[in-house]
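Using this note's numbering, you'd call the opening residue of the sequence shown number 134 and step up by one each time. Don't be surprised by glycine CBs; every beta carbon is placed ideally from N, CA and C. Please read these numbers as outputs of a predicted model, since none were measured by experiment.
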Amino acid sequence: MMAPLKTARSFTSHSLREPVKLLASQESLSEIKTQTIPQFFHQNCQQFKDCPALAFEASPQGNKTWNTITYKEYETNVELAALALLYVGVEQRTSVCVLAFNSPEWFYIQFGALCINAIAAGIYTTNSAEAVLHVLSSSNASVVVVDDSHQMAKVREIRSHLPHLRAVVQLHGPFDFDEKEQQVGCYRWPDLMNLKFGKELRAELQLRERNVAPNECALLIYTSGTVGMPKGVMLSHDNMLFATYTADKMLNTLKQGLESTVSYLPLSHIGPQFFEIFLSIGKGALVYFADKNALKGTLVDAMVKAKPTWFFGVPRVFAKIQETLMQLESKCSEIEKGLRNTARLMMLQHYLDKMAGKPTSPVKYWLAENITNRMKQDLGLDHLKMCFAASAPMPKDLKLFFLSLNLPILEAYGLSETSAGVSYNFDIYNLRTCGKSISGIEVKLYNANAKGEGELLVRGRNVFMGYVNEAEKTAKAITPDGWFLTGDLAAIDAEGNIYIKGRIKEIIITDGGENIPPIRIEDLIKKELPCISNVMVVGDRRKYLTVLLTFKTEINSVTGYPLDTLLPETTAWLQALGFNYTHLSEMLHIKLPQNLCDFDPNSVEVQLDDKILEALQKGIDRYNQKAISNAQKIQYFQVLPHDFSMATNELGPTMKTRRNVIFEKYSKIIDKMYGNRKV
134 MMAPLKTARS FTSHSLREPV KLLASQESLS EIKTQTIPQF FHQNCQQFKD
184 CPALAFEASP QGNKTWNTIT YKEYETNVEL AALALLYVGV EQRTSVCVLA
234 FNSPEWFYIQ FGALCINAIA AGIYTTNSAE AVLHVLSSSN ASVVVVDDSH
284 QMAKVREIRS HLPHLRAVVQ LHGPFDFDEK EQQVGCYRWP DLMNLKFGKE
334 LRAELQLRER NVAPNECALL IYTSGTVGMP KGVMLSHDNM LFATYTADKM
384 LNTLKQGLES TVSYLPLSHI GPQFFEIFLS IGKGALVYFA DKNALKGTLV
434 DAMVKAKPTW FFGVPRVFAK IQETLMQLES KCSEIEKGLR NTARLMMLQH
484 YLDKMAGKPT SPVKYWLAEN ITNRMKQDLG LDHLKMCFAA SAPMPKDLKL
534 FFLSLNLPIL EAYGLSETSA GVSYNFDIYN LRTCGKSISG IEVKLYNANA
584 KGEGELLVRG RNVFMGYVNE AEKTAKAITP DGWFLTGDLA AIDAEGNIYI
634 KGRIKEIIIT DGGENIPPIR IEDLIKKELP CISNVMVVGD RRKYLTVLLT
684 FKTEINSVTG YPLDTLLPET TAWLQALGFN YTHLSEMLHI KLPQNLCDFD
734 PNSVEVQLDD KILEALQKGI DRYNQKAISN AQKIQYFQVL PHDFSMATNE
784 LGPTMKTRRN VIFEKYSKII DKMYGNRKV
C-alpha cells in the first residue's frame, strides 16, 4: 500500500514544513512504494514480533547481564515514547533532539518522534554548549532529550536563548533538579515512562501518525563542518526507506530474523543511523548496545559478548581492532605467535592467488581457517558474515590485514546527503574501488581532468531534500535537474566501479600549482612505519610537503586521552633499533602531564635519539622513492608529543581526522618545518 504524498512545488526544500517532489521514475515507485517510516516500523515489528530486537547490559548487584526485548516489546516502547513526547509538548514539524549515547531509549525516542509527525535530530555528546545551541535553534527543537546531568548542564547554560524549547528530558541519573524545575519543563525519563496516558493523548497519536507523509523531512543529520557551524541535512521518510529497501535487497547474505549487530558509533552520524537502526529493522536483526566508552577502547569487550553477524565501522575503528589483536598476540608464546603469523600469511596468500587467477590449496586454506577462527574469537568476530567500512577511504594494508583473518571488508561509499549508501563493493578481489552504484542511483563525473578524475555527482531517490534554513547552500549543492555535487574527487571505470580519490576541499594545492590528495601519501608512510599511528600531510599554498607524525600509544578507556605507554608495535620497532623505551615521554625526552586536558603541545620540544630519527627518515625515504612526482615527496617531518584522539580534539566524534583543527593547534610546530628545520 502506497502512502500518499503531500503537494510539493520543488525537488528541494530548506524548510521543515515544506515537502518535496520525489525524483523517481514510475518503475522505481512501483518497485519501492512510497511509505512512511512509522508504517515501515510497525510492519516489521509485526513481522518479527517474537524475534529479539534490542539487547543492553544491566548491572543488578554488580553482575552485568544482557536484557533483551522482542520486536513486539520494541513497538510498545516506541508507542510509550511517542505518548511521552506528546505529553511534554512536542509540536508537529518541530524537532526532537537527542543529546545522548547509544541506548534503546535513543531508538524509542527517534521512532516516537516520527510517529507524532516530528523530526528526529541527533547531537554529538562531545559538542560544546555553543554547538548544542546551534542544533537546537536551527532545527526548531521543541524538546531535547539528554543523557545525563553533564549533558543537562550544557542545555541549562543556553536555555535562555531558546524561547521555543518546551521541555528538556533527562534519561539517566543522578538527577540534580527538583520538582520546581520540573514544573518549568525539566523531566525525568523514568517518571514519564510510569505515567498512565489517557484516551485523548492516544487519539492524538493516531491522528498525528496519519498526517505523516513520505516526502516530508524525517531526520536531520548535522554534518561535521570544518569551517563554521555544521549544516543540517534534511532526509525525508522516502530517502531513508529507499536506501533501506535497496540495501536489504542487495545484502541477501543476511537472513531476516537471524542476524545481529553492535551499536556503538554516534547515532548523530548517517552510517550508524542506517546500519544500526534502519537496516536492523529491515532485517529483523538483534542490536546489542556497547557501553559509552566503546570508542575509547571497550568496543572489543562488547563484540566478544555479542558476537555480531554484521559490523559497520570507519577505517580508524578497524585499525584499532588490528592494534587490539597485536596487543593480545604480544602476550602469546613465541610458538603461538609463529603459528598465528603463518596462518595469516597462508590465508592472505589464498586470497592473493584467487585475485591473480592462480590455483589455491584447500588443505592450506583449511589449516589457516582453523587458526584464524581462534584469532577472530579473541575479538568477537568469529560469527561475522559481513563487514562494512565507510566514512573515509579504507587503506589497502588494512583491507589486506582483515583478508588475512578471512574477513573481507566491503567498502561502501555514501554521505549524509545521500542517505548513506551510493555504492557497495561486493568484489572482494578489487581492493581499490568502493563498488558500483546501487540500482536506481545515477552517478557521473563533473569537470573531469585528463586522468579521468572529476567531482562525483549523484542523482536518485536517496538524495537529500536540502540543508535546513540554508536556501543558498541547498541551491549550490543540488542542480535544478537533481544532481547532488558530492565534493569528492573520483574516477569511474568502464564497468562502473567508483574510485574515490579524496575530498576536493582536502586536496593540497602547493604554491607551484600541484594538486595533491593527501590520504594516499599518509597511508603509504604508515605502511613504511608500523610504529606510527597518524600521519598528517601539510603543504597547502607552501613550497613543499611536510608531515606530522604521532607514535602509537595506549588510550585511557574512560577519559579517551592518549596515555604515555607505548603499544607493542612501537616497542617492537624500537627494540629492533636497540632501544627499550616503553613510554613516549622517555623516547621523546619530554615531560608529559598525567592529564592532557590543558596541555599545550607547542610548549615542549621533542628530542629523539639519532638512531630513531634515522629510522624515521628511512621510512620517509622509502615512501619518497614511490612518490608519483617530486611535488609529492616529503621534505621534512616532525614528531608530535602525543597521539591524536577525540579528547584532545584532533579526531571528530566518528574518529575522522579534523585537519583544520590540527593545522591550527600545531601551527608553531608546522612553521618550524618551513624554516628548514628537519626535527
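Span of the alpha helix (DSSP H) around E164: Indexing the sequence shown from 1 puts residue 164 at position 31. Q159 to E164 is the extent of the alpha helix (DSSP H) around E164.
Go ahead and label K126 buried or exposed: buried means 16 or more other beta carbons lie within 10 angstroms of its beta carbon, across all protein chains shown. Outside the modelled stretch of the chain, which goes from 134 to 812, sits residue 126, for which no answer is possible.
If you check the beta carbons only, do K248 and A215 fall under 8 Å apart? Looking up residue 248 in the sequence shown gives position 115. Looking up residue 215 in the sequence shown gives position 82. Going by the sequence as given, residue 248 is Cys instead of Lys. Going by C-beta atoms, C248 is nearer than 8 Å to A215.
Paired residues, beta bridge with E190 - DSSP: As a working mapping, residue 190 is identified with position 57 in the sequence shown. In the DSSP output, where bridge partners are listed per residue, E190 has W199.
With C-beta atoms as the reference, is A141 less than 8 Å away from P152? As a first step, residue 141 must be located in the sequence shown, where it is residue number 8. As a first step, residue 152 must be located in the sequence shown, where it is residue number 19. Yes, Cβ-Cβ distance for A141 and P152 is below 8 Å.
Just to confirm the assignment, what range does the beta strand (DSSP E) spanning I542 have? By one-based count along the sequence shown, residue 542 stands at place 409. Where I542 is concerned, the enclosing beta strand (DSSP E) stretches over I542 to L548.
Our contact map puts I354 next to I414 with C-beta atoms below 8 Å; I'd like the distance itself, whole angstroms only. Within the sequence shown, residue 354 is the residue found at index 221, counting from 1. Within the sequence shown, residue 414 is the residue found at index 281, counting from 1. Going by Cβ atoms, the distance from I354 to I414 rounds to 18 Å, so no, they are not a contact pair.
DSSP beta-bridge partners of D673: Residue numbering aside, residue 673 sits at position 540 when the sequence shown is read from its first letter. DSSP output for D673 lists no bridge partner at all.
Within 10 angstroms of its Cβ, does N348 collect 16 or more other Cβ (buried), or is it exposed? Working through the sequence shown from its first residue, we reach residue 348 at position 215. A residue is called buried once 16 or more other Cβ atoms fall within 10 Å of its Cβ, and N348 is buried on that count.
Assign N630 to one of three DSSP states: helix, strand, or coil. Residue mapping note: residue 630 aligns to position 497 of the sequence shown, counting from 1. Strand.
Is DSSP giving I642 helix, strand or coil here? Along the sequence shown, one-based indexing puts residue 642 at 509. The answer is strand: DSSP assigns I642 an E or B state.
Assuming Y714 contacts L707 under a Cβ cut-off of 8 Å, what Cβ separation, rounded to an integer in Å, is found between them? Along the sequence shown, read from residue 1 onward, the residue named residue 714 stands at position 581. Along the sequence shown, read from residue 1 onward, the residue named residue 707 stands at position 574. Contact between Y714 and L707 holds: CB atoms are separated by about 5 Å, below the 8 Å threshold.
Among F173, T209 and V221, nearest to A351 - alpha-carbon criterion: Locating residue 351 in the sequence shown gives position 218, counting from the first residue. For the residues F173, T209 and V221, the minimum Cα distance to A351 belongs to F173.
Could you tell me whether the segment 367 to 385 touches the segment 750 to 770, where touching means 3 or more Cβ pairs closer than 8 Å? When C-beta atoms of the segment 367 to 385 are compared with those of the segment 750 to 770, fewer than three pairs fall below 8 Å, so the two segments do not count as touching.
Along the chain, which unbroken stretches of the beta strand (DSSP E) at least 3 residues long are found entirely within the segment 681 to 706? DSSP assignment within the segment 681 to 706 yields the following whole beta strand (DSSP E) runs of 3 residues or more, N-terminal first: 686 to 688 and 695 to 699.
Rounded C-alpha distance that separates T122 from L548: Shown here, the chain extends from 134 to 812; a query on residue 122 therefore has no answer.
I640 versus G222, I633, I242 and P651, residue with shortest Cα-Cα distance: If you number the sequence shown from 1, residue 640 lands on position 507. Among G222, I633, I242 and P651, the Cα nearest to that of I640 belongs to P651.
Where are the alpha helix (DSSP H) runs, 4 residues long or more, that stay fully inside the segment 294 to 326, in chain order? Taking only runs of at least 4 residues, the alpha helix (DSSP H) segments lying wholly in the segment 294 to 326 are 312 to 316 and 322 to 326.
Cβ neighbours of F712 in the same chain (closer than 8 Å, five flanking residues each side left out): Locating residue 712 in the sequence shown gives position 579, where the first residue counts as 1. Answer for F712: M720, D742, K744 and I745, listed in chain order.
Identify whether R592 lies in helix, strand or coil by the three-state DSSP scheme. Residue numbering aside, residue 592 sits at position 459 when the sequence shown is read from its first letter. The answer is strand: DSSP assigns R592 an E or B state.
Near the ligand ADP: E575 beta-carbon under 7 Å from a heavy atom: For the ligand ADP, the structure offers nothing, since it holds no ligand at all.
Contact belief for S556 with I571 at Cβ below 8 Å, rounded distance in angstroms: As a first step, residue 556 must be located in the sequence shown, where it is residue number 423. As a first step, residue 571 must be located in the sequence shown, where it is residue number 438. Between I571 and S556 the Cβ distance is about 6 Å, and since that is below 8 Å, they are a contact.
Measuring CB to CB, does V668 end up less than 8 Å from E687? Your numbering for residue 668 matches position 535 in the sequence shown. Your numbering for residue 687 matches position 554 in the sequence shown. Contact: no.
Are the CB atoms of M806 and Y756 nearer to each other than 8 Å? Reading the sequence shown from its first residue, position 673 is the one you call residue 806. Reading the sequence shown from its first residue, position 623 is the one you call residue 756. Going by C-beta atoms, M806 is not nearer than 8 Å to Y756.
Starting from the N-terminal side, write out each stretch of the alpha helix (DSSP H) that is 4 residues or longer and does not extend beyond the segment 241 to 304. 262 to 271 and 282 to 291
Whole alpha helix (DSSP H) runs in the segment 443 to 474 with 4 or more residues, listed along the chain? 448 to 463
Where does K569 fall in DSSP's three states? Residue numbering aside, residue 569 sits at position 436 when the sequence shown is read from its first letter. DSSP places K569 in strand when its eight states are reduced to three.
Alpha-carbon spacing of T386 relative to K518, whole angstroms: In the sequence shown, residue 386 corresponds to position 253, counting from 1. In the sequence shown, residue 518 corresponds to position 385, counting from 1. Cα to Cα, T386 sits roughly 8 Å from K518.
Is it true that the CB of G365 sits closer than 8 Å to the CB of S271? Working through the sequence shown from its first residue, we reach residue 271 at position 138. Working through the sequence shown from its first residue, we reach residue 365 at position 232. Against a cut-off of 8 Å, the Cβ pair of G365 and S271 comes out as a contact.
Based on Cα-Cα distance, which residue from A188, D424 and W199 lies nearest to Y397? Mapped onto the sequence shown, residue 397 falls at position 264. It is D424 whose Cα lies nearest to the Cα of Y397.
Closest by C-alpha distance to D511, when choosing among H483, K464, P526 and P495: Translated into positions along the sequence shown, residue 511 becomes position 378. Per the Cα distances, K464.
Going by alpha carbons, who is nearest to Y694 out of C730, V279 and L531? What you label residue 694 is simply residue 561 of the sequence shown in a count that begins at 1. Residue C730 is the option with its Cα nearest to Y694.
Which ranges does the beta strand (DSSP E) cover as unbroken runs of at least 3 residues, wholly within the segment 776 to 808, from first to last along the chain? none
Are P528 and P448 close, meaning C-beta to C-beta below 8 Å? Mapped onto the sequence shown, residue 528 falls at position 395. Mapped onto the sequence shown, residue 448 falls at position 315. For P528 and P448, yes; Cβs fall inside 8 Å.
Would you say A545 faces chain D, with C-beta separation under 8 Å as the test? Checking the listed chains, one finds no chain D in this structure; it contains a single protein chain.
Pairwise C-alpha distance: S261 and L213: Reading the sequence shown from its first residue, position 80 is the one you call residue 213. Reading the sequence shown from its first residue, position 128 is the one you call residue 261. Answer to the nearest angstrom: the Cα atoms are 31 Å apart.
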